Amino acid sequence: MKKPASPVSHIRMTQPRDAQPPPETAASEPPPPPASTGAAATTTTTTATTTRKKPARIHQVSGLKRAALWPLTVLLHLWNATLHVTTGPASASLFTRTDRPFTFALWHNRTFIIADQATRFRPTRPLHALTSASKDGALMGAFLEMLGIRIIRGSSSNYGREAATALIAALRRGSDIGLTPDGPRGPRYTVKPGTVIVAKNGRSPIVAFGAAFESAWVLRSWDGFRLPRPFSRVHLYGRLMPLEEMADTAAAVTALAATLQELNPDVEHDPHRLDQVV
């Protein structure tokens, strides 16, 4: 049966610029020294050790800067209060399940909407989020902490192993975690394997998160960050990837990317999408 036309008369979406930075890569290890003896071997080993790149420090936010972020949290709550947020029965049932912790996966440009909605669906289960070790990551982490989200610092290029260990430990303690598979710097809409690897080791299903906007501003950032216009409609989606579907990591990464693209319509926006019940 053909679905009735949506009451939305038009969608005011704009196409972001496609300029994207090169993907973030981890610093490579220096090659092993050649097999030699005597002073030559000592010199080679010393050189390899001294040229090894030191990891960047984890930046922190001072008390004054942290206090300055407080008005932004108030603004976020007020902004979200104007939005007409809807969720289909199946997605709502998934979001509110309390039998086990979940790994929530969402695109980096959808973090505005989820930051304020996380406690709405799962108020009794702690949520941990990952932010980078950079200055920007410190500011974002402090902001999210004010929203009640617990923060783990690190990225694929700095303190990645430590961050992954902390995320897995959080899952095993019964906490949810939220990850942006294309963050912190892109490429946009590219799933890196870390999300699947962490979920598998934490014995956690993945919930792919989606948001369809009736009307949104698109920032000229690397991710085309979405800011829903006040008093517009936003429909939230969720789809479960059980542990059984993560046996093959590469296949799970491909499947997760396809699901996130399906649940997060951008340029090819269908007004009827806001009325679908999923």
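For reference, each letter of the sequence shown is one residue, going -4 to 273 in the working numbering. Glycine included, every Cβ here is placed at the ideal spot set by N, Cα and C. Everything numeric in this text was worked out from a predicted model, so none of it was measured.
Residue i to residue j span [Cα, whole Å]
i, j, result
"Gly169", "Tyr154", "23 Å"
"Thr175", "Pro84", "25 Å"
"Ala253", "Leu59", "42 Å"
"Pro260", "Pro66", "31 Å"
"Leu166", "Tyr232", "22 Å"
"Asp94", "Thr119", "12 Å"
"Gly132", "Gln55", "9 Å"
"Ile147", "Ile163", "11 Å"
"Arg221", "Gly197", "30 Å"
"Arg92", "Ala128", "32 Å"
"Leu64", "Gly219", "23 Å"
"Leu122", "Phe107", "15 Å"
"Ser86", "Phe208", "16 Å"
"Gly181", "Ser216", "11 Å"
"Ser227", "Val213", "14 Å"
"Lys49", "Ser88", "Its pLDDT being 48, under 50, Lys49 is placed unreliably in this model, and the value from its coordinates should be taken loosely. Approximately 46 Å between the Cα atoms of the pair."
"Ile201", "Thr98", "5 Å"
"Ile53", "Leu70", "28 Å"
"Arg115", "Ala206", "15 Å"
"Val229", "Leu251", "22 Å"
"Thr244", "Ala158", "19 Å"
"Ser199", "Lys130", "30 Å"
Given residue i as reference, the closest of the options once Cα atoms are compared
i, options, result
"Ser150", "Leu166, Pro179, Leu139 and Asp171", "Pro179"
"Pro223", "Ser210, Thr185 and Ala159", "Ser210"
"Ala242", "Val202, Thr81 and Lys195", "Lys195"
"Thr126", "Pro188, Ser152, Phe226 and Pro118", "Ser152"
"Trp102", "Ala203, Ala247 and Pro225", "Ala203"
"Val191", "Ala128, Val248, Asp131 and Thr68", "Val248"
"Thr160", "Thr244, Tyr184, Trp212 and Gly189", "Gly189"
"Arg117", "Pro96, Thr185, Phe107 and Ala250", "Pro96"
"Ala124", "Phe90, Arg145 and Asn104", "Arg145"
"Arg156", "Thr98, Phe99, Leu214 and Val193", "Val193"
"Arg183", "Leu251, Asn104, Ala62 and Leu71", "Asn104"
"Ile172", "Ser88, Ala100, Leu214 and Ala250", "Ala100"
"Leu134", "Leu142, Asp177 and Arg61", "Arg61"
"Ala246", "Arg115, Thr98, Val69 and Lys187", "Lys187"
"Leu255", "Asp177, Ser199 and Val229", "Asp177"
"Thr68", "Gly143, Thr244 and Lys130", "Gly143"
Cβ-based burial, residue i [other Cβ within 10 Å; buried from 16]
i, result
"Pro225", "exposed"
"His79", "exposed"
"Arg234", "buried"
"Thr57", "Looking at the sequence shown, residue 57 is not Thr but Ser. It is exposed - the Cβ of Ser57 has fewer than 16 other Cβ atoms within 10 Å."
"Glu257", "exposed"
"Thr185", "exposed"
"Thr82", "buried"
(request) Determine, using beta-carbon pairs with one atom in the segment 231 to 238 and one in the segment 125 to 139, whether at least three such pairs fall under 8 Å. (result) no
(request) Could you tell me whether the segment 99 to 115 touches the segment 70 to 82, using the rule of 3 or more Cβ pairs below 8 Å? (result) yes
(request) Would you mind listing the alpha helix (DSSP H) stretches within the segment 187 to 270 that are 4+ residues and don't spill past its ends, in chain order? (result) 189 to 196 and 244 to 258
(request) Can you check the segment 107 to 134 for any beta strand (DSSP E) of at least 3 residues that lies completely inside it and give the ranges in chain order? (result) 122 to 126
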